[in-house]
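Accompanying notes for the structure given below.
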Amino acid sequence: MNKRTLLAAACSAIAIGALPLAGAQAQDAYPDKPIRVIMPWAAGGPTDVVGRVIAVRMGEILGHPLVIESRPGASGTIGAAQVARAPADGYTVLMNPSVQGIYPAQFKSLTFDPIKDFRMVGVLGTVPMVAVVPPDSKFKTFGELIAQAKAQPGSLSFASPGVATLPHLAGELINTTTKASISHVGYRGSSPALTDVAGGHVDLMYAPLAPALPLIQSGKVRPIAVTTKTRLAELPDVPTIAESGLPGFDIVTWYGMWVPKDTPEPIIAKLNKAMIEASQSPKVIEALKSQGTPAQHHELPGSRSLQPGRKRALDQGHEGRQHPARIRTGLARLIAAGRAMQTPHVPDGLRNAGRFSWARGHPRARRISY
């Protein structure tokens, strides 16, 4: 071997040996540029509200801004797919609600695996829901509305941010447990759904409190019940659904941050630490509280990526082809995902959800996007 060959080999060995060091140094320096935050739901919705408040503070903590990019559509899967394909370097993250765990049940085919292709950074916050009706609705109580829905099946409709979102599943659960028949009308986010409720085009919505509260305060929609087990401080005079005839009813949705699956653990840890610190910031707590969104700061030990046992729980029953069957599977997945991620707000009663009603011939039914 001549001198030139020996020198080349030595240089190669040094370069290869330096690769792990370079990777470690890059992780230590993270972040050194802005971080893209993909928001897969419409602006003004609860995911957007929670995400923007926490993202601003996280950017201050990390020294580089978190830049929100809206990519709504297809129940959040357009934005989720973009993050799944992104480089696993910590510079592209996803903010999504608990529906992330039930995508396999909702869609027969996806361009990504919502479980395998992501690592979870943590839970951003929880948002209670409130049943709202148009301001001039004849229904003064939740009980009155359910009574008509049972007496005249299909005469009423309820809006949701989209098929298989938690507000949709909450409505179907209420249909099942009360034996009422209220047709579902799905939208592309909470804001357009609430707009149609305010306009009287839809009779009811189980709306996340964050986007609903300003409309309630301005008189554009009227609350008749809340989905939590106790009354909300923001709406102390509004009874719970449990008080209205469904004992034990308690549903609160949660929002999380995800990164591509191969993102290095030190980067995930940095994001998680920044999220926790941001969630504990008095400014963030006050900002979220003013919109009915209690901040969370879960470290979620061991749950940043779903383990095989958890994945099996999510995968059970993934054969349904008709939407009612797929949504039933989605309910089971939502329960499993919530328990796996140590989220206490998914009620056992969801296991009993069975029959579902779907909008047929409703004037707004064209908005349903399967």
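Residues -26 to -1, 1 to 344 (mature numbering (1 follows the signal peptide of the UniProt record, and there is no 0)) make up the sequence shown, in order. Glycine included, each C-beta is placed from N, C-alpha and C at the ideal position.
What residue from the options has the CA that sits closest to residue i's CA?
{"i": "residue 93", "options": "261, 240, 17, 127", "result": "240"}
{"i": "residue 112", "options": "220, 196, 54", "result": "196"}
{"i": "residue 41", "options": "30, 51, 49", "result": "30"}
{"i": "residue 223", "options": "231, 230, 214, 229", "result": "214"}
{"i": "residue 256", "options": "165, 27, 55, 156", "result": "27"}
{"i": "residue 110", "options": "139, 174, 137", "result": "174"}
{"i": "residue 21", "options": "238, 68, 32, 156", "result": "68"}
{"i": "residue 203", "options": "104, 141, 249, 250", "result": "104"}
{"i": "residue 119", "options": "66, 198, 100", "result": "198"}
{"i": "residue 138", "options": "126, 81, 200, 235", "result": "81"}
Roughly how far, in whole angstroms, is the beta-carbon of residue i from the beta-carbon of residue j, given that I think they are within contact range, below 8 Å?
{"i": "residue 152", "j": "residue 124", "result": "7 Å"}
{"i": "residue 356", "j": "residue 17", "result": "No statement about residue 356 is possible, as the shown extent of the chain runs from -26 to 344 and does not include it."}
{"i": "residue 53", "j": "residue 13", "result": "7 Å"}
{"i": "residue 228", "j": "residue 135", "result": "Their Cβ separation, rounded to whole angstroms, is 15 Å, which puts residue 228 and residue 135 out of contact at 8 Å."}
Does DSSP put residue i in a helix, in a strand, or in coil?
{"i": "residue 65", "result": "coil"}
{"i": "residue 78", "result": "helix"}
{"i": "residue 23", "result": "helix"}
{"i": "residue 99", "result": "strand"}
{"i": "residue 208", "result": "coil"}
{"i": "residue 43", "result": "strand"}
{"i": "residue 59", "result": "helix"}
{"i": "residue 143", "result": "helix"}
{"i": "residue 117", "result": "helix"}
{"i": "residue 392", "result": "Since the first residue of the chain shown is -26 and the last is 344, residue 392 is not available in this structure."}
{"i": "residue 162", "result": "coil"}
Measuring straight from C-alpha to C-alpha, what distance separates residue i and residue j?
{"i": "residue 35", "j": "residue 233", "result": "19 Å"}
{"i": "residue 300", "j": "residue 76", "result": "With a pLDDT of only 41 at residue 300, under the threshold of 50, the placement of this residue in the model should not be trusted, and no figure is reported."}
{"i": "residue 91", "j": "residue 193", "result": "43 Å"}
{"i": "residue 288", "j": "residue 83", "result": "Confidence at residue 288 is low in this model, with a pLDDT of 32, below 50, so the placement of that residue should be treated as unreliable; the coordinate-derived value is given next. Looking at the two C-alpha atoms, the distance is approximately 16 Å."}
{"i": "residue 59", "j": "residue 210", "result": "45 Å"}
{"i": "residue 218", "j": "residue 115", "result": "8 Å"}
{"i": "residue 322", "j": "residue 226", "result": "A caution first: residue 322 carries a pLDDT of 36, below 50, which makes its placement in the model too unreliable to give a value."}
{"i": "residue 5", "j": "residue 24", "result": "22 Å"}
Determine whether the beta carbon atoms of residue i and residue j lie at a separation below 9 Å.
{"i": "residue 107", "j": "residue 171", "result": "yes"}
{"i": "residue 164", "j": "residue 188", "result": "no"}
{"i": "residue 177", "j": "residue 130", "result": "yes"}
{"i": "residue 71", "j": "residue 230", "result": "yes"}
Any beta carbon of chain D sitting closer than 9 Å to that of residue i?
{"i": "residue 234", "result": "The chain labelled as chain D is not found in the depicted structure, where only one protein chain is given."}
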